[in-house]
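Take a look at the structure set out below.
Residue numbers (my numbering), protein chains in the order written: chain A, 140 to 462; chain B, 461 to 735; chain C, 8 to 545; chain D, 105 to 646.
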């Protein structure tokens, strides 16, 4: 029961974090030069200063900073993240529209990286100092050192243009208007490359952590105990070491959750994935303050949520956790 | 510590990495002499494939890709090292204060650190570069600003672990002051861990810089690999050499730094060495 | 009537060949017969922020909205007015009254019949009040009379020769009065769910992905449109957009939707073809703007020296990948069709241009220092894409030849705009202008002293004041006699090139890349035109 | 009863290159019989654990492996047996228990599951039956509420309970041989006695042969039938317990036995109770798990303790782990804050002095720590370590260094040691460096916190001698914290017995030993391993 109390405690801790993010985001973005009105006016060609001022008034950008801040916080607590004037739509709607693809991409990449990384790390540790270990190490190091967008471009060249196996970009083939199961397959095909481009770095990371962690477990007394019981090496590995060795990987995964969102900005841009990442980039370029604030807030919420899931897994996997 | 050096030298991959880094450093130092006109100068016909005259080809404006790679080495290393160093100094300060003084200070500082870890790093870096407007300094600041939490947690963890060790208690018992304990005992003892993680941070910083440059957030007046790639990206499939070579340079650098970092880790922090 | 068959062998192909060298074109166009149905996918970049074409003039909106909204007129290949919602028109001898007879049997997508009241409302209540082009194009329009539902009479204060070339849907779309009446135009739901009279109806907008348009079964042109559906796809990354065309996932990419560097390769692709037609109304120029408030740049010689130092052909070849031609002055050679253009101006593309430039710099009183430098300047990098950075990098190298040390400054759009058009804290700016259908629409505002308006973007930020030019341009605005008007513009070009408040670099040649299965897609207005006749081969 | 279970013949175990000697065990011969406990005794690094692990094929191969010799068990040579066959023997025919029951158990699995695993591997028993057997086994090792224990995780049990669970696991299939690798070293003395008793009881019951690895002659005296003494990998002496303990033949055995502190009060000139130097008055201290919002349950470490240290005396603080003895020692040196009460140093309350004000007082109380590895900064030279205190207190660096070299002589180290780093020294030498560091400030009070518990018995004796010597020479008062009653009797004038944060009994050493008034003190003395033997052990001729 104390484990669940611990989880509740972590849940409680998320509250000030989220509030802090609201505060920080607001001030950080207000520091930036230029505002939504000046961009909007600029993009519409020859706009008069009166027109720009009109826009500014309409957006409430002419009001004093504290007033804007209080308005923002109170609204955010009601999950009203404001209105994106550039997109002519409430921020929350825009983000929610894009959230699905991003979550799909992130969870796929994350799950793939975690599962394969654990497996590869395990294999490398088992085959320590053999050619297999070396091959895995070299492959992971290369994945670790390759910029994500470069990888994405190469994947497109190879798998879409040369081999013609996978669609170049997008979320689904809209022109065909698939429904039901066909649509799921279609989306899955579109998902393959972005998930790889996003996930390979983390795959490499988790492989390395898992390998090191496995090697550390090898020297543990309980492994010797299991051996002394007459347990086979395979069972020792899967029955005993795997779970223990996985815990540091899980910790790393929780820490990396925020970077996963950052990575998705670049990857989504390369693959035209209609997610929060592309939204963030366009919002930043067009200085859509409300939208950016919203994206930061939601991203941070996602990270907090992922961290909570990690905590939950931890609580489930490690009986020692308690408040 | 010749001991650590010897252990490092035994690790062949790490030595290989160190050699590659040495070559890269050498190239970056020699760049002004090899290419006195600078990497931005228009050296020949645009988009020439690799040849004797231009071993790595020319880019869309007729600039020598080799000159760019050489000058970019300096920029990338400068950004990587400067950002990592700033992150290490700031992170060590925060982590050190939290780990040494513990209590409320620790709780507050670690909450702040966790908080900065929670914010998606790349988004924050992007934002900072835009706010400060793209320049060498702003890129360094942005990268450092998102890299320090890891160091802070590391140093704090080491300080807490070491703080329980009896030699720290012994120093306290001798009447040593806080700064003396921090600078004479705690820092020297976690220096090797900091060096290891710091060296890996350089690699991450270089990757971050590339990502920022990819999105057009680099200093336009300074040649860097990220800039080369983002410029060559449009002709990736007609003139593969323009961004292939800077890409390889990044890969090699980051790879080598990682190898050296791993080597340092094994050489400086062998858990089995003590007891 | 204009010719919808865009790629026809013969004269036009020869014309194209003269621009490009050689271009393969769809010989199949002759053999295959038009077919009904199918979904066409076009690439639009960047994704529009709104579909309120009546209130926002961003260039990425019309490719979508001209399928939905129609204008009073359209234009033929010689850019002469052609009927659309207006069947015919009459201009009074004094040029102050224009009477439009409207097409009968037209209904809006919401079922409302189209009448002269809608025309009146679209111009007087919408275009004049919220359309950013309104203040210029409709400056002389005082009222519209509607004697009957199919007649609209425009009353002008002064003759406005440019008005008749600015009535297509991309400038002034005709909206449904009953949809807008009593609402704020910008907040109207139809801002993003447009309701027009065009061949396609708005169906769905999935942000970040696509806009879907469905066939208007009650379209007033009999038997049209051919396509069942148009999908405008948004892919942020340029390479990926090219890849989508190559993979046959997208059929049509106009304007800069495809990166210039990729065009040659795409042209070589057997499933793709290209055309440069349909951009006659888009006289686009890449330029430099000099802030003459700066003491260094206040000197004409310095500005001219900079203009001499830049090799425009290099920019054409290497930054625009050959899809452009060197510019000679503030008016694009596209205006040669109307007789406005002249190349009888001071020419900067002379062989000894570098020597001239250096001599000018010496004369202006800027000798080279010990380090070979005469002065240091900043160049503000246009924030709208990669190619502007490339151009900046070249200009930095070019100006180094005449002893100017240029520093590039790259900022986000908002900061860039504010620096250049509000704070005037810049030395050289590198904007990109579309002149529009008439110089009045898109050229005057950059040079006349009345257009020095702090806080207004893309106007005279150079602080250039020349009473002579002001007079000429003012006269050209009202001159109804075409020949006289052309002469005025020739004078204006000579004055501007001599004064060099800016440097005019390249006339951008847009290219449309399309799938060979797509036919009859390019009209005189290119991508700013309804694709009602376009059809897809199976 | 005398049938041979395990016959180790000429066993040699090689060490990797760079180790201090070529082989961990050289030419060892050892025979184990059913129903007998054979104790393999040796100091750290003697190779005793590796020898035991070699039997089960648990050496950290390939760096450490059996190079020659045979290990015969039930007709098979375990040194060369195929891994598959070895797996059948492990757990089923030979059971093993380890020193540290916390790490030897998988922290993520329930106790029941870990014991059950043995049945799953080696038997075809059904699930229900396996469960029943587990519960019965847990009951057999006298664990209370075996059902609940089976459902618990290792961290929820005490050290003794964990070791009982380990024993249950090792004996689950009634193996012929049980290998116990220092199974009681990590346990408190009373728990140790219980575990020893349990092993003995089960071994007698089942006729199991036991190979018992230990460093403690007290344990040997309590449990062994046969004794084998290992010195640097060489078996120097073996034989029946009484023969080896009472009439050792080999000089090494003799030296080891001589170093074992007796459970007697040595003749010692009675110290005059001087003035009170250091005093704790009504000191209380609780540990609370801290968080920003959550306050954890508090653990009471010191429950209003008062104690006085007189000039020139050695006061022993004795107790089991968690009794608060170390907390009290650190509180009295002000290395640890306290919740209430007062610490008085020669009449001045130093309880609430700020760090700066405390500094001059620091000089007068110095500490020697338990772990000679952790108590010296690995990055500092010995001279710097010793000179640090004087330098802090204003002595010129040069003079401090010179003093450091002199002190090295005083603690029995060569002055050339000054320029070396701590890792170049053995445990005992490091402890001497630690003592030199404490003495460098010429303190009035020396607080020694378990200064010998991490040392081998022979080194332990030397360090104790040194401390006694220094105390006599310099007239320092000493607060000596230890869990080992034998050590306390050897060195302390007075002894305070602590339990649960309180002092249950305090008095002169002789009185505490001969007439303990508190039942807990009695229990402690009874639990000392080999108590009876140790009290009457003949003093071997030097």
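Note that beta-carbon positions come from the ideal geometry of N, C-alpha and C, so glycine has one too. The structure displayed is predicted, hence computed values, not measured ones.
Within a Cβ cutoff of 8 Å, which residues of the same chain sit near residue i, ignoring the five residues on either side of it in sequence?
i             : result
residue 302/D : 245, 246, 268, 271
residue 299/D : 264, 267, 268, 271, 287, 288, 291
residue 465/C : 428, 438, 440, 452, 453
Is it right to say residue i is buried, meaning 16 or more other beta carbons lie within 10 angstroms of its own, or is it exposed?
i             : result
residue 649/B : buried
residue 486/B : exposed
residue 410/D : exposed
residue 514/C : buried
residue 376/C : exposed
residue 188/D : exposed
residue 475/C : exposed
residue 249/A : buried
Since residue i sits in a beta bridge, which residues does DSSP pair it with?
i             : result
residue 389/D : 406/D
residue 152/C : 160/C
residue 81/C  : 89/C
residue 141/D : 314/D
residue 106/C : 97/C, 160/C
residue 175/D : 112/D
Below 6 Å CB to CB, which residues in the same chain sit around residue i once its five sequence neighbours on both sides are set aside?
i             : result
residue 456/C : 472, 477
residue 575/D : 582
residue 356/A : 380, 383, 384
Suppose the cutoff is 7 Å on Cβ atoms and the five residues either side in sequence are ignored; what does the same chain contact list for residue i look like?
i             : result
residue 466/B : none
Cα separation between residue i and residue j?
i             : j             : result
residue 452/C : residue 458/C : 5 Å
residue 48/C  : residue 189/C : 36 Å
residue 659/B : residue 209/D : 37 Å
residue 156/A : residue 621/B : 26 Å
residue 496/C : residue 335/C : 14 Å
residue 714/B : residue 283/A : 8 Å
residue 208/A : residue 389/A : 37 Å
residue 655/B : residue 643/B : 16 Å
residue 533/C : residue 41/C  : 20 Å
Mind pulling the chain A residues with CB within less than 7 Å of residue i?
i             : result
residue 581/B : 397, 398, 401
residue 394/C : In chain order: nothing, as chain A lies at least about 16 Å away.
Chain C partners of residue i, CB-CB under 9 Å?
i             : result
residue 593/B : 416, 417, 418, 419, 422
Under 9 Å Cβ-Cβ, which residues of chain B neighbour residue i?
i             : result
residue 323/A : Result: empty, since nearest Cβ-Cβ is about 29 Å, beyond 9 Å.
Which residues in chain D have a C-beta closer than 8 Å to the C-beta of residue i? List them in chain order.
i             : result
residue 443/A : Simply none; closest approach about 16 Å.
Who are the neighbours of residue i on chain D, taking C-beta pairs under 7 Å?
i             : result
residue 627/B : 478, 479, 480, 481
Check the Cβ of residue i against every Cβ in chain A and list those closer than 8 Å, keeping chain order.
i             : result
residue 242/C : 308, 309, 411
residue 257/D : 458, 459
Would you mind telling me which residues of chain B sit closer than 7 Å to residue i, beta carbon to beta carbon, in chain order?
i             : result
residue 283/A : 718
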